[in-house]
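Novice:
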Amino acid sequence: MIIKLMGNQFLQADLFLKNASYHLIFDKKGKSKLVKKELEAERPIAETHNKIKNRIVEDAPFLRLLGVFSNEGKLKTDKQDKFVQINKYLEFFSQSIASSDLKDDFSVIDMGSGKGYLTFAMYDYLTRILGKKASVKGIEYRQDMVDLCNNLAQQADFEGLSFVQGTIENSETNGNNVLIALHACDTATDEAIFKGIKANAKIIMVAPCCHKQIRKQINPLDELKLLTKFGILEERLSESLTDLIRALILEAYGYQTKVFEFINSEHTPKNLMISAVFKGLDEKKKTEKLKEVRALKSRFGIDFHYLEKLLGC
């Protein structure tokens with residue numbers, strides 16, 4: 077393709093090297109000549125165009141134990157998305173910590189910890205990078221995952237990290253000042269938020285997954301009913317309404333709340349994050365926010381949201 081364009085649309089091509097430059101020049105008749113120009117001094121190479129990736133955690137020992145990096149310290153191809161997710165999560169986690177009044181003692185509970193990638197990352201970040209005292213507990217329903225993660229925590233010498241078998245609904249959260257729940261399905265996310273509010277957690281971070289509860293009820297008024305004409309749009313509407321009401325309820329209970337894209341959807345479609353930092357309860361603001369929730373429910377024909385049912389608000 078380039079060969080066809082040279083001498084036709086483009087009459088000159090330049091190649092710049094450290095010690096010389098080459099110039100291929102065509103005249104109007106299509107004849108070409110190659111000109112070489114030597115340099116007296118080596119040409120400096122600017123590397124400012126290279127994008128430096130700011131990562132909170134690189135090849136930490138726990139990442140090798142979890143199989144993200146090989147024993148030789150190389151990032152595994154099939155774990156690249158997970159590595160990106162870990163670092164983006166820690167980035168947002170660090171922002172939440174900075175805007176909270178938590179200083180030293182961190183008591184973290186991770187609802188639905190799975191294989192523990194982010195649970196390990198939180199503990200490593202708090203203790204090794206920030207140098208804080210931390211107790212981190214992962215709650216996981218699958219006993220094999222619990223056993224695996226406890227074994228890996230021992231190998232990593234993470235004394236304050238532990239995993240127990242259980243469910244979000246039945247977990248005890250009193251005394252925990254940070255609550256995390258990533259990809260808790262449907263109303264399990266509401267149960268996690270409820271547990272965090274009741275525990276007076278300073279930080280609540282959830283990444284919702286599935287939104288069935290609202291979708292079964294949704295019945296918009298008037299022209300808004302058109303939003304449910306197509307299944308995919310109805311699904312997205314129910315997702316937006318579910319998470320909007322969650323955010324409003326968190327604000328009602330004194331949390332400064334943000335809803336944002338966790339990581340690019342190319343890495344995972346489950347990429348929404350709700351981050352809430354407790355700033356203090358204001359009864360007037362609580363009344364206003366719950367009024368907004370009622371207005372939304374009325375407009376979209378929603379009987380109840382599971383989180384408000386749990387809270388009795």
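Following this note's numbering from start to finish, the sequence shown increments by one per residue and tops out at 389.
The beta carbon of each residue, even a glycine, is placed where N, CA and C say it ideally should be.
Could you pull out every residue in the same chain whose Cβ sits closer than 8 Å to the Cβ of Ile244, ignoring the five residues on either side in sequence?
Specialist: One-based indexing of the sequence shown puts residue 244 at position 168. Answer for Ile244: Met187, Gly188, Ile215, Ala257, Ala260, Ala264, Glu267, Ala268 and Lys271, listed in chain order.
Novice: Out of Asn147, Asp233 and Asn227, which one is the CA nearest neighbour of Val240?
Specialist: Your numbering for residue 240 matches position 164 in the sequence shown. Cα-wise, what sits closest to Val240 is Asn227.
Novice: Taking Cβ to Cβ, would you say Ser211 is nearer than 8 Å to Gly236?
Specialist: For this step, residue 211 is matched to residue 135 along the sequence shown. For this step, residue 236 is matched to residue 160 along the sequence shown. It is a contact, given that the beta carbons lie within the stated cut-off.
Novice: CB-CB under 7 Å to Pro345, same chain, minus the five flanking residues each way: which ones, in chain order?
Specialist: As a position in the sequence shown, residue 345 is number 269, starting the count at 1. Legend: pLDDT at Pro345 = 49, less than 50; position of this residue unreliable, value from coordinates given subsequently. Cβ within range, chain order: n/a, list empty.
Novice: Hey, how far is the Cα of Glu299 from the Cα of Leu348?
Specialist: Along the sequence shown, read from residue 1 onward, the residue named residue 299 stands at position 223. Along the sequence shown, read from residue 1 onward, the residue named residue 348 stands at position 272. One C-alpha to the other measures close to 28 Å.
Novice: Taking 8 Å as the threshold (C-beta atoms), are Tyr329 and Lys362 in contact?
Specialist: Start at 1 with the first residue of the sequence shown, and residue 362 comes out as number 286. Start at 1 with the first residue of the sequence shown, and residue 329 comes out as number 253. In contact: Lys362 and Tyr329 (Cβ atoms closer than 8 Å).
Novice: Alpha carbon to alpha carbon, how far is Phe182 from Leu324? Give it in angstroms, no decimals.
Specialist: Taking the sequence shown and counting its residues from 1, the one referred to as residue 324 is at position 248. Taking the sequence shown and counting its residues from 1, the one referred to as residue 182 is at position 106. For Leu324 and Phe182, the distance between alpha carbons rounds to 26 Å.
Novice: Considering only residues of the segment 277 to 342, which uninterrupted alpha helix (DSSP H) runs meet the minimum length of 4 residues and lie entirely inside it, listed in chain order?
Specialist: 288 to 291 and 307 to 328
Novice: Please classify Ser183: does DSSP put it in a helix, a strand, or coil?
Specialist: The residue given as residue 183 occupies position 107 in the sequence shown. Strand, per DSSP.
Novice: Using the Cβ count rule (16 or more neighbours within 10 Å means buried), how would you classify Asp154?
Specialist: Indexing the sequence shown from 1 puts residue 154 at position 78. Result: exposed.
Novice: According to DSSP, is Cys261 helix, strand or coil?
Specialist: For this step, residue 261 is matched to residue 185 along the sequence shown. Three-state result, Cys261: strand.
Novice: From the DSSP output, which residues share a beta bridge with Ile269?
Specialist: Translated into positions along the sequence shown, residue 269 becomes position 193. Per DSSP, Ile269 has no beta bridge partner at all.
Novice: If you compare alpha carbons, which of Leu100, Phe159 and Ala275 is closest to Leu91?
Specialist: Within the sequence shown, residue 91 is the residue found at index 15, counting from 1. The candidate whose alpha carbon is nearest that of Leu91 is Leu100.
Novice: Can you tell me which residues form a DSSP beta bridge with Ile30?
Specialist: Residue 30 cannot be examined here, being either before or after the span of the chain that is shown, 77 to 389.
Novice: In the DSSP assignment, find the unbroken beta strand (DSSP E) run with Ile173 in it and report its ends.
Specialist: Along the sequence shown, read from residue 1 onward, the residue named residue 173 stands at position 97. No beta strand (DSSP E) holds Ile173; the alpha helix (DSSP H) holding it covers Gln156 to Ser175.
Novice: Taking C-alpha atoms, which residue in Ser108, Val184 and Ser172 lies nearest to Val335?
Specialist: What you label residue 335 is simply residue 259 of the sequence shown in a count that begins at 1. Of Ser108, Val184 and Ser172, the residue nearest in Cα terms is Ser172.
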